[in-house]
Amino acid sequence: MEIFSASEARAKLFSLVEQVNKDHLPRIITSQQGDAVLLSKDDWESIQETLYLQSIPGLMESIREAEQAKDWISEEEFMQEFNELED
267 MEIFSASEAR
277 AKLFSLVEQV
287 NKDHLPRIIT
297 SQQGDAVLLS
307 KDDWESIQET
317 LYLQSIPGLM
327 ESIREAEQAK
337 DWISEEEFMQ
347 EFNELED
């Protein structure tokens with residue numbers, strides 16, 4: 267993970283925004299007032315969604331149980347069955 271001072275980040279802001287959106291690697295920005303992390307909006311939303319899903323009581327355990335029981339079908343199988351219903 268690359269680390270930049272606030273002054274460096276200010277000088278390279280547009281480039282850094284482009285980079286985090288392209289490679290999805292966060293950049294650390296340091297300053298005397300505290301450090302910050304620059305990441306893409308998509309990555310931030312993904313993190314927020316993951317945290318939300320993990321906060322739902324029992325959800326992760328249900329997913330693990332379904333995976334172990336093979337009590338699910340793949341997206342491809344679902345689409346095939348769905349399309350057969352449409353015909």
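Here the sequence shown stands for residues 267 to 353, where the numbers follow the working numbering.
All C-beta atoms in this analysis are idealised placements derived from N, C-alpha and C, irrespective of residue type, glycine included.
So is residue i buried or exposed if we call it buried at 16+ other beta carbons inside 10 Å?
{"i": "Ala-302", "result": "exposed"}
{"i": "Ala-275", "result": "buried"}
{"i": "Ile-295", "result": "buried"}
{"i": "Arg-293", "result": "buried"}
Going by DSSP, what residue range makes up the alpha helix (DSSP H) through residue i?
{"i": "Leu-317", "result": "307-321"}
{"i": "Ile-329", "result": "325-335"}
Do you know how far the Cα of residue j is from the Cα of residue i?
{"i": "Leu-291", "j": "Met-267", "result": "7 Å"}
{"i": "Leu-305", "j": "Met-326", "result": "26 Å"}
{"i": "Ser-297", "j": "Phe-344", "result": "51 Å"}
{"i": "Leu-319", "j": "Glu-347", "result": "27 Å"}
{"i": "Lys-336", "j": "Pro-323", "result": "21 Å"}
{"i": "Asn-349", "j": "Ser-271", "result": "54 Å"}
{"i": "Trp-338", "j": "Ser-281", "result": "43 Å"}
{"i": "Gln-285", "j": "Asp-309", "result": "13 Å"}
{"i": "Glu-331", "j": "Lys-278", "result": "47 Å"}
{"i": "Asn-287", "j": "Ile-313", "result": "15 Å"}
{"i": "Ser-321", "j": "Glu-352", "result": "36 Å"}
DSSP beta-bridge partners for residue i?
{"i": "Arg-293", "result": "Leu-304"}
{"i": "Ser-271", "result": "Thr-296"}
Going by the C-beta, is residue i closer than 7 Å to any heavy atom of the ligand FMN?
{"i": "Glu-315", "result": "With respect to the ligand FMN, the structure shown offers nothing to examine, as it has no ligands at all."}
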